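Numbering-wise (my numbering), the sequence shown opens with residue 219 and increments by one.
C-beta atoms are modelled at their ideal positions from N, C-alpha and C, and glycine is treated no differently.
All values derive from a computational prediction rather than experimental measurement.
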Amino acid sequence: MPRPNPRAGGHWNNEGNPLVAWVNPPPGWSASERHLTVPNALQPVSDEPRSVEFEVHAPADARPGTVRVASYALYGVCEGPGGACLFRRLDMTASVEIAERR
219 MPRPNPRAGG HWNNEGNPLV AWVNPPPGWS ASERHLTVPN ALQPVSDEPR
269 SVEFEVHAPA DARPGTVRVA SYALYGVCEG PGGACLFRRL DMTASVEIAE
319 RR
């Protein structure tokens, strides 16, 4: 998940919209949540890492192997002090390994 670059003076503008993420499980799969929101910190500016957690559930007939679960996050991040604030999208993929049944 995203984190502002502290070497460049990057930070979250916590007075703007919070980070939101969408999970798009493969056909037949489900997710505990498909839309997640990460609340902003209480102070106006911060630089902590932000993350989301969710569970995915495979269908009963899932075949062994690796399945990729697509997701993406939308968030605003600002450059150094007094710098421009930008709206970004981060595409992410989680790999889930389905073991062979015994």
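Between A291 and P220, the CB-CB gap stays under 8 Å. In the three-state reduction of the DSSP assignment, A291 falls in the strand class, which pools E and B. One thing to note: V263 has its Cβ within 8 Å of the Cβ of N232. Taking C-alpha positions only, V256 is separated from V241 by approximately 14 Å. V295 is a Cβ neighbour of R306, given a cutoff of 8 Å. When rounded, the separation of the alpha-carbon atoms in P236 and L260 is 12 Å. In this structure P245 is exposed. Its beta-carbon is surrounded by fewer than 16 other beta-carbon atoms within 10 angstroms.
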